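> Sharing a structure, written as structure tokens. Questions coming.
In this note's numbering, the protein residues as written are -17 to 58.
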């Protein structure tokens, strides 16, 4: 009986540890969520729209916008 209880406790501890690792590994930081939102905004700009024209004028590429978004999100 003692072996069954200790095995159960070990299993519970293992499952709790795995859950903590899973949750911490899957969550995004505030900066990452901010950058994701900025990139979604960039990606939704329709061709030939004022928004796309602005992005194309202000930033040389999607990577340049990503770098700007990251810097801005880190400031917040």
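A virtual CB, placed ideally from N, CA and C, is assigned to each residue, including glycine. Values in this document were obtained by computation on a predicted structure and should not be read as measured data.
Taking residue 37 and residue 27 to be in contact with their CB atoms under 8 Å, please state how far apart those CB atoms are, rounded to whole angstroms.
Taking the chain shown and counting its residues from 1, the one referred to as residue 37 is at position 55. Taking the chain shown and counting its residues from 1, the one referred to as residue 27 is at position 45. Correct: roughly 6 Å between the Cβ atoms.
> Checking 8 Å against the spacing of the C-beta atoms, do residue 24 and residue 53 come in under that value?
Position 42 of the chain shown, counted from the first residue, corresponds to residue 24. Position 71 of the chain shown, counted from the first residue, corresponds to residue 53. In this structure, residue 53 does not lie closer than 8 Å to residue 24 by Cβ.
> Who are the near neighbours of residue 18 in its chain, counting only those whose CB is closer than 8 Å to its CB and skipping five residues on each side?
The count along the chain shown starts at 1 and reaches residue 18 at position 36. 10.
> Could you give the distance in angstroms between the alpha-carbon of residue 39 and the alpha-carbon of residue 16?
Taking the chain shown and counting its residues from 1, one reaches residue 39 at position 57. Taking the chain shown and counting its residues from 1, one reaches residue 16 at position 34. Roughly 22 Å between the two C-alpha positions.
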